[in-house]
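Q: Okay, so the sequence shown: first residue is 7 according to the numbering used here, each after it adds one.
Cβ atoms here follow ideal geometry from the backbone N, Cα and C, with glycine treated the same way.
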Amino acid sequence: MKTYYYVHTGHRIGLDRFRRASAIFKALEGVEMTLLSSDYRIAQIADEYGIENAVGVDVVRNIPQISHHGDRIIFDSDEANPIMLEDMRNYFSTFIHLKSDDVAVDKNYFKKYEKSVAMTYFFGDDDYEKDLEKNLDFLSKVEPYLQLGFYYFLDYEDMLKKRFKNYFEFEEYEEMIQKTDILLTSSPQAVLESLATGGRPIYVKRADYTDDFDGLFSSLNVPIIKNFDANQLTSIIETIDEIKYENIEQLSNRTNKLIKDKFNL
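(1) Among TYR215, GLU35, ALA33, ARG26, which has the Cα closest to the Cα of SER43?
(2) In the structure shown, what three-state DSSP assignment does GLY221 receive?
(3) So, with DSSP's three-state summary, where would you put PRO150?
(4) Quickly, what does DSSP pair PHE81 with across the bridge? List them, please.
(5) Going by C-alpha distance, which of ASP235, THR203, GLY155 is nearest ASN253?
(6) The beta strand (DSSP E) that contains LEU189, what's its start and end?
(7) Beta-carbon separation of ILE188 and ILE246 under 8 Å?
(8) Would you mind stating whether PHE98 and ASP82 have Cβ atoms separated by less than 8 Å?
(9) Does the Cβ of ILE89 have 16 or more other Cβ atoms within 10 Å, making it buried, or fewer, making it exposed?
(10) Going straight from the alpha carbon of ILE72 to that of PHE170, what length do you get?
(11) Using the Cα positions of ALA33 and LEU166, report the straight-line distance between them to the nearest angstrom.
(12) Looking at the secondary structure, which residues open and close the alpha helix (DSSP H) in which PHE24 lies?
(13) By the three-class DSSP mapping on this structure, what secondary structure does LEU42 have?
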C-alpha cells in the first residue's frame with residue numbers, strides 16, 4: 007500500500023496548496039509519501055522543499071494510472087465533482103480531502119524572527135491577468151518591498167522590478183516571510199505563514215480567489231481589504247499597533263493531527 011498527496015497548482019491559482027503540502031510532508035516525517043502535482047514544473051522542484059518523490063499528473067482522472075486500489079491519498083484540490091470524489095473514496099483505502107481553509111504551516115515558521123523589513127507586498131505566485139500592475143495605485147501611499155511570484159512571465163517580472171525599488175526573488179520567499187513585519191498579500195497561505203513568524207499580515211482580497219478564508223481571517227483578527235482600497239490600507243496601517251493578532255499554531259497542529267489519526271500514525 008502506497009501513500010500519495012495530490013496537490014492542485016497552476017498559473018491561475020498559484021502555489022498556496024503546494025506550500026501547504028510541503029508543510030504537511032514535514033509534519034509527517036517518516037511516512038513514505040509521493041507528491042502528485044497538476045504542474046510538472048512543481049514536481050521537478052519538489053525536492054527543494056524536502057519532498058523526495060514527486061510525479062506530474064496532467065489531469066485528476068489519471069491518478070488511478072499511477073496508484074492502485076487500496077492505496078491512501080491526501081487530496082488537496084477543489085477540482086473534483088461530487089461523483090469523482092465518491093469514486094476516489096471507494097478506490098482508496100484512506101481518502102483525506104483537505105478544504106481550502108484547512109491550516110497547515112511549515113514548522114520552521116513557528117519561531118521568533120527579527121523583522122528587518124517594514125513592509126512587503128506579495129500579490130501571489132500567479133498573476134495571469136496582470137492585476138498587480140493594473141492596481142498599483144493601491145500602493146501609492148506606501149513603499150513596500152515586492153515579492154515576485156513563481157508564475158510571473160519574464161517580461162512582466164522585469165517591468166515590476168523597475169517599478170519597485172526593493173524586491174525579493176521567488177527563491178527568497180521564505181526569507182521574506184521571516185523578515186517582513188507588515189505583509190500585504192492576496193495569498194491566504196502567506197497570511198498564515200506571516201502570523202506564525204510573528205508578522206502582521208493584511209489580507210488583500212482578490213476577486214478571482216475563494217471566499218473560504220474570510221471567516222478564518224476575521225477570527226484571527228487579520229484585516230481584510232477589498233477592491234484594492236488605498237484609503238482602507240492607510241487606515242489599517244495607522245492603527246495596526248492596536249490589532250491583536252491570534253496565534254495559529256494550534257490550528258496547524260489540528261490539521262496535522264487529523265491526517266495522522268486517519269493514517270493511524
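A: Put simply:
(1) Checked all of TYR215, GLU35, ALA33, ARG26; the closest Cα to SER43 is ARG26.
(2) The answer is helix: DSSP assigns GLY221 an H, G or I state.
(3) Three-state result, PRO150: coil.
(4) TYR12, HIS103.
(5) Minimum Cα distance to ASN253 is reached at THR203.
(6) Where LEU189 is concerned, the enclosing beta strand (DSSP E) stretches over 186-191.
(7) Pairing ILE188 with ILE246 gives a Cβ-Cβ distance under 8 Å.
(8) No.
(9) With fewer than 16 other Cβ atoms from the protein chains shown falling within 10 Å of its own Cβ, ILE89 counts as exposed.
(10) Distance between the alpha carbons of ILE72 and PHE170: 44 Å.
(11) Approximately 35 Å between the Cα atoms of the pair.
(12) Start and end: 22-33.
(13) In the structure shown, LEU42 adopts extended strand secondary structure according to DSSP, grouped into three states.
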